[in-house]
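For reference, the structure is listed below as structure tokens.
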Amino acid sequence: MSLKRIIFLVGPTASGKSAAAVCLARQLGAEIISCDSMQVYRGMDILTSKPSSALRKRIPHRLIGFLPPSREYDVSQYRRDALAAIKAIFKNGKTPLFVGGTGLYLSVLVDGIFKAKPPKSSLRNKLYRQAEIKGSLYLYNHLKKIDPEAAARIHPNDTRRLVRALEVFEATGKPISELQKHRRGLGKEYDIRIFCLDMTRDELYRRIDRRVEGMFKNGALKEAKKLLALKLSRTAEVAIGLREIKGYLDGLYDLEEAKRLMQRNSRHYAKRQLTWFRKDKRIKWIRIKGNERAGDIALRILKEIR
RNA sequence: GCCGAGGUAGCUCAGUGGUAGAGCGCGGCCCUGAAAAGGCCGGCGUGGGGGGUCCGAUUCCCUCCCUCGGCA
């Protein structure tokens, strides 16, 4: 018996995933599941370039805009929700097609995550306070004693990961490096195909600049104002665009500068995404030329699948 | 045309008689419960062109070119 198939279409921001995905989904008889840490939030539409309602009418999309931006959300919850979505799609007799640019979400699905209880904010806060008072090196040296393997992989300045490793140890009594070895992802049970859209850096950066330009024409400022008035979750509040526009609203610089910063930060983000995808050798790269149309891109991917 | 200031990294600029830095940009990388986050690494350079002095010039001298101010 052959394994059921799950397709992933990933790529840096502004590479044209959404449109290509809908074309591909039609050809495949697939339904789309978003693989994006920001598009889960309601009311963050322009800033996250959610697929248009026209696209979403053509093919069902899941895990988009279903959470208030005040709600905390993380990889583990995403995994749970994504697995449920996969189940539902198979039940419909369709193929799940994941589309998005959040590399961590992708690998947690494919490679799994170790089981753990949700982090306790009291413990986490305590560790951050320690880092602030005694410096992250203090945390690092502590980690080195209890989990040298993890310490070897984490840089002494990477407070976030140091805190996570220590918090896991305090909560479970086991080193995180040990727990991380026990992961089980979709890769074992399904036929996983991963495609990444790719183009020259110049072309990608041009698209990013254009996209940000378009966001402002479509009301990014108004959307950001509305969001900034809310109490945002830790994830939602760091969406590209919010900090930059807040600076403008606070009178630190003009709107042009806010736009420039958004473009630059999006470029940096895209670069990090590419680094992440590059190291995953399972990925099949789809090199896009000039202004290749979504339908043609989908066709090329289809050919690879069959 | 004359006077003044200046031409050094993609940009803005610092510095030195022993082949050059900083910030930003840019490039590479790490990453598994905040990931559009967080962290690490890298100077990427015919020092405007040509000539001279000197063991040695980006630095001193001459000349040409260019830019910006002022006077015409």
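Each residue of the first sequence is one higher than the last, beginning at 49 in the numbering used here.
The beta carbon of each residue, even a glycine, is placed where N, CA and C say it ideally should be.
Isoleucine 240 has Ile54 as its beta-bridge partners, per DSSP. Burial check for tyrosine 126: the Cβ neighbour count within 10 Å reaches 16 or more, so the residue is buried. A Cβ-Cβ contact shorter than 7 Å links proline 117 with tyrosine 89. Annotation for isoleucine 112: no beta strand (DSSP E) segment contains it, and DSSP assigns it neither H nor E.
DSSP places lysine 142 in no alpha helix (DSSP H); its state is neither H nor E.
Beta-bridge pairing by DSSP links tryptophan 324 to no other residue.
Taking a cut-off of 8 Å on C-beta distances, the segment 201-221 touches the segment 165-175, as three or more cross pairs fall below it. Under the three-state reduction of DSSP output, glutamate 340 falls in the coil class, being neither helix nor strand. One Cα belongs to alanine 268, the other to aspartate 122, and the distance between them is close to 25 Å. Restricted to the segment 61-98, the alpha helix (DSSP H) segments that are unbroken, complete and at least 4 residues in length are 65-76, listed in chain order.
Listed in chain order, the non-local C-beta contacts of leucine 57 below 6 Å within the same chain comprise Lys65, Ala69, Val147, Phe243, local neighbours out to five positions each way being set aside. Assigned with DSSP and collapsed to three states, isoleucine 334 falls in strand. Between the segment 131-148 and the segment 73-81 there are three or more inter-stretch CB-CB distances shorter than 8 Å, so the stretches are counted as touching. Within 10 angstroms of the beta-carbon of serine 101 lie fewer than 16 other beta-carbons, which makes it exposed. Here leucine 245 is bridged, per DSSP, to Ile334.
Boundaries cannot be given for serine 281, as no alpha helix (DSSP H) includes it and DSSP labels it neither H nor E. Listed in chain order, the non-local C-beta contacts of threonine 220 below 6 Å within the same chain number zero, local neighbours out to five positions each way being set aside.
Segment contact: the segment 305-316 against the segment 328-348, fewer than three CB-CB distances shorter than 8 Å; contact not assigned. Alanine 287 carries a coil assignment under DSSP once its states are collapsed to helix, strand and coil. Residue state for alanine 164 is assigned as coil, using DSSP reduced to three classes. Only residues of its own chain outside the window of five on either side were considered, and among them Gly91, Met92, Pro117, Leu290 have a CB closer than 7 Å to the CB of leucine 275, listed in chain order. In this chain, the alpha helix (DSSP H) harbouring leucine 191 covers 184-194. Per the Cβ contact rule, the segment 336-353 is not in contact with the segment 254-265 (fewer than 3 Cβ pairs under 8 Å). In the three-state reduction of the DSSP assignment, aspartate 298 falls in the coil class.
For the pair serine 124 and proline 223, the Cα-to-Cα distance works out to about 19 Å. Inter-segment contact for the segment 198-212 and the segment 168-185 is present: three or more beta-carbon pairs are separated by less than 8 Å.
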